[in-house]
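Here's the structure we're looking at; comments come further down.
Below you can see the structure in the form of structure tokens.
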């Protein structure tokens, strides 16, 4: 099925698929360089349709079928895309489900639209990764290359090398969520594999300890990797989403 498109105030064209149904609307927030055709997004859409639940998946600008080039984007741009989609395509309560970078986006969404969120699920959430993952681990030579060339290339276990731009790093610093108070006034379920080579269990524990949330649980799955997409992991995702939807 061809996607629909939302034109944002920034002039970006965001591709999306929306399933009508009862609320709260489950909104899938994908990872860096991922798209809305990924296993978890499509699985949750099928799950939502079977329940008669409203569901929304979309591509950030520079991802999938949306406009723009990945190398031109940054965390703040994708946050703006998320806000545009949530504000323009949903009403009432929502349940963000954030995977990897989408977990960071879900937390930024919580800071901007806490009153809209009934509950949240994160899967291998990667808050602040541009600072704590990229910048903190860059060599002196890479930092110099970032300054002089405007970007560096990083190898990936899952796809072609990442292009990390100076703008992405600098903008990431403007959107950090683990350096100041983080209120999550709704149920939160965090899922994390212990064999994740992209996001560590330490990151998951740091988020758990940092957030101010009365109902927050972290589930560690032994030997699960960053994809978190096998049958057992997908069942855990569905169970977590069902929990927070029910309140």
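Numbering (the working numbering), first residue to last: 200 to 446.
Glycine included, C-beta positions come from ideal geometry on N, C-alpha and C.
Just so it is clear, the structure is predicted and the values come from calculations on it, not from any experiment.
How many Å lie between residue 342 and residue 328 at the Cα?
16 Å
Using 8 Å as the threshold, is the stretch 223-241 in touch with the stretch 288-300, meaning 3 or more CB pairs across them?
yes
Does the contact criterion of 3 or more C-beta pairs under 8 Å hold for the stretch 333-352 versus the stretch 307-321?
no
Can you find at least 3 beta carbon pairs, one from the stretch 360-377 and one from the stretch 283-297, that sit closer than 8 Å?
no
Compare the C-alpha of residue 200 against each of 211, 216, 397, 430 and name the closest.
216
Supposed close pair residue 214, residue 263 - CB separation, criterion 8 Å
6 Å
As an exercise, report each continuous beta strand (DSSP E) stretch of at least 3 residues that is fully enclosed by the stretch 206-254, in chain order.
The qualifying runs are 212-218, 221-228.
Tell me which residue opens and which closes the alpha helix (DSSP H) that residue 312 is part of.
300-312
Best match in 349, 378, 323 for proximity to residue 411 [C-alpha to C-alpha]
With distances taken between Cα atoms, residue 411 lies closest to 378.
Residues in the same chain with beta-carbon distance under 6 Å from residue 361, minus the five sequence neighbours each way, listed in chain order, please.
353, 355
Given a threshold of 16 other Cβ atoms within 10 Å of its Cβ, counted over all protein chains shown, does residue 416 qualify as buried or as exposed?
Residue burial annotation: residue 416 is exposed, with fewer than 16 other C-beta atoms found within 10 angstroms of its C-beta.
Hey, which unbroken runs of the beta strand (DSSP E) at 3 residues or more fall wholly within the stretch 385-444?
387-392, 415-420
If you compare alpha carbons, which of 218, 257, 348 is closest to residue 365?
Closest by alpha carbon: 348.
I need the boundaries of the alpha helix (DSSP H) containing residue 282, first residue and last residue.
Run containing residue 282: 274-288, per the alpha helix (DSSP H) assignment.
Would you call residue 338 buried or exposed, if buried means 16 or more other Cβ atoms sit within 10 Å of its Cβ?
exposed
Which residues share a DSSP beta bridge with residue 319?
387
Residue from 232, 287, 225 whose Cα sits closest to the Cα of residue 241:
For residue 241, the closest of 232, 287, 225 by C-alpha to C-alpha distance is 225.
Out of curiosity, what's the CA-to-CA distance linking residue 435 and residue 384?
22 Å
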